[in-house]
Amino acid sequence: MKTSKIILVFILMFVISNCMSVKAPDNWLPEPENISEDVYGAWITLRLDDTDDYYFLGGEFIGYEQKTVLLLNENGLSKIAIEDIKEAIIDLYKRETSSLTWWTLGGCVASVTHGWFLIISMPVWLVSGIINSAIASHSGRFAEENPDDDWFEAVKRYSRFPGGIPKNIDLHALKPKQINKTD
415 MKTSKIILVF
425 ILMFVISNCM
435 SVKAPDNWLP
445 EPENISEDVY
455 GAWITLRLDD
465 TDDYYFLGGE
475 FIGYEQKTVL
485 LLNENGLSKI
495 AIEDIKEAII
505 DLYKRETSSL
515 TWWTLGGCVA
525 SVTHGWFLII
535 SMPVWLVSGI
545 INSAIASHSG
555 RFAEENPDDD
565 WFEAVKRYSR
575 FPGGIPKNID
585 LHALKPKQIN
595 KTD
């Protein structure tokens, strides 16, 4: 019975630490160390209210002007009024939490060699591992329920055009970021 409880704890720890889902396509987000070199805007996911149902729209955050969010994906450019947005999530870079999970798992397994100190060392590994995985899974992410003009003004620095949309640019000529499928 104890073994099954320990296994359940490990499974829950792994699931919890990796539960922060990112809706960006694989290989779309840059690595944290490459974010300053990326010329594209952050990935933005919007939860929109369509009568009784919710649906999500995601793409590159192109800009924010006049209470309108501009995003670009493979279907083209979309302009969404902020009053239609129920939640906005901005992801800046890839987050890798599985390594923290494996370190925690290794520490818990190594705790078996501590004898009776296992009672102290394993919970310390579990608590610190879960907390650190949760913190890491939220890094580089900004989320807001019912975002307002002030919130979008604060996060537009992560768009492709943080200073505003240039007047001489044809927004419909913009192409989405090409994804390298070989990584």
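Count along the sequence shown from 1, then add 414; that gives the number in my numbering. Even glycine gets a Cβ: it sits at the ideal position worked out from N, Cα and C. Note that the structure is predicted; figures quoted are calculated from it, not measured.
Excluding the 5 residues flanking A557 on each side, which residues of the same chain have their C-beta closer than 6 Å to its C-beta?
Position 143 of the sequence shown, counting from 1, holds the residue named residue 557. Answer for A557: I503, listed in chain order.
Could you give the residue range of the alpha helix (DSSP H) that holds N546?
As a position in the sequence shown, residue 546 is number 132, starting the count at 1. Segment 532-552, the alpha helix (DSSP H) holding N546.
Can you have a look at R574 and say buried or exposed, based on whether 16 or more other CB atoms are within 10 angstroms of its CB?
Locating residue 574 in the sequence shown gives position 160, where the first residue counts as 1. Counting Cβ neighbours within 10 Å, R574 comes out buried, since at least 16 surround it.
To which residues of the same chain is N546 closer than 7 Å at the C-beta, ignoring the five residues directly before and after it?
In the sequence shown, residue 546 corresponds to position 132, counting from 1. The answer, listed in chain order, is L514.
At a cut of 8 Å, does the region 562-577 reach the region 469-482 through at least three beta carbon pairs?
Yes, the region 562-577 touches the region 469-482.
Could you give the first and the last residue of the continuous beta strand (DSSP E) run that contains V526?
In the sequence shown, residue 526 corresponds to position 112, counting from 1. That residue, V526, is in no beta strand (DSSP E); it is neither H nor E in DSSP.
Assuming D505 and A456 form a contact by the criterion Cβ under 8 Å, report the distance between their Cβ atoms to the nearest whole angstrom.
As a working note, residue 505 is residue 91 in the sequence shown. As a working note, residue 456 is residue 42 in the sequence shown. Confirmed, about 6 Å.
Thinking V526 and L519 are a contact (beta carbons under 8 Å), I'd like their distance in whole angstroms, please.
One-based indexing of the sequence shown puts residue 526 at position 112. One-based indexing of the sequence shown puts residue 519 at position 105. That pair is no contact at about 12 Å.
Report, in whole angstroms, the separation of the C-beta atoms of K570 and W442, which I expect to be a contact under 8 Å.
Position 156 of the sequence shown holds residue 570. Position 28 of the sequence shown holds residue 442. With 8 Å as the limit, K570 and W442 do not qualify as a contact, their Cβ atoms being about 20 Å apart.
Count the other C-beta atoms from every protein chain shown that fall within 10 angstroms of the C-beta of Y478, then say buried if there are 16 or more, exposed otherwise.
Position 64 of the sequence shown, counted from the start, is the residue given in the question as residue 478. Answer is buried; the Cβ neighbour count reaches 16.
Taking 8 Å as the threshold (C-beta atoms), are K508 and F470 in contact?
Counting from 1 along the sequence shown, the entry for residue 470 is found at position 56. Counting from 1 along the sequence shown, the entry for residue 508 is found at position 94. No, the Cβ-Cβ distance between F470 and K508 is not below 8 Å.
Compare the beta carbon distance of K500 and N594 with 8 Å and say whether it is the shorter of the two.
Position 86 of the sequence shown holds residue 500. Position 180 of the sequence shown holds residue 594. No; because the gap between Cβ atoms is not below 8 Å, this pair is not in contact.
Just tell me which of W539, N487, W530 has its CA closest to the CA of P439.
Counted from its first residue, the sequence shown places residue 439 at position 25. Closest option to P439, Cα to Cα, is N487.
Quick one: residues in its chain with C-beta nearer than 7 Å to the C-beta of T459, no 5 flanking neighbours on either side, listed in chain order?
Stepping through the sequence shown from its first residue, residue 459 is reached at position 45. Excluding residues within five positions, the ones whose Cβ falls inside 7 Å are K437, F470, G472, I503.
If you follow the beta strand (DSSP E) that D505 is in, where does it begin and where does it stop?
The residue labelled residue 505 in the question sits at position 91 within the sequence shown. 499-505 is the extent of the beta strand (DSSP E) around D505.
E474 bridges to which residues according to DSSP?
For the purposes of this step, residue 474 is identified with residue 60 of the sequence shown, where counting begins at 1. Paired residue(s): W457, L486.
Just to confirm the assignment, what range does the alpha helix (DSSP H) spanning F566 have?
Residue 566 sits at position 152 when you count from the first residue of the sequence shown. Here the alpha helix (DSSP H) through F566 covers 563-569.
If you follow the beta strand (DSSP E) that E558 is in, where does it begin and where does it stop?
Locating residue 558 in the sequence shown gives position 144, where the first residue counts as 1. Here the beta strand (DSSP E) through E558 covers 555-559.
Should G578 be labelled buried (16 or more other beta-carbon atoms within 10 Å of its own) or exposed?
Counted from its first residue, the sequence shown places residue 578 at position 164. Flag for G578 reads exposed.
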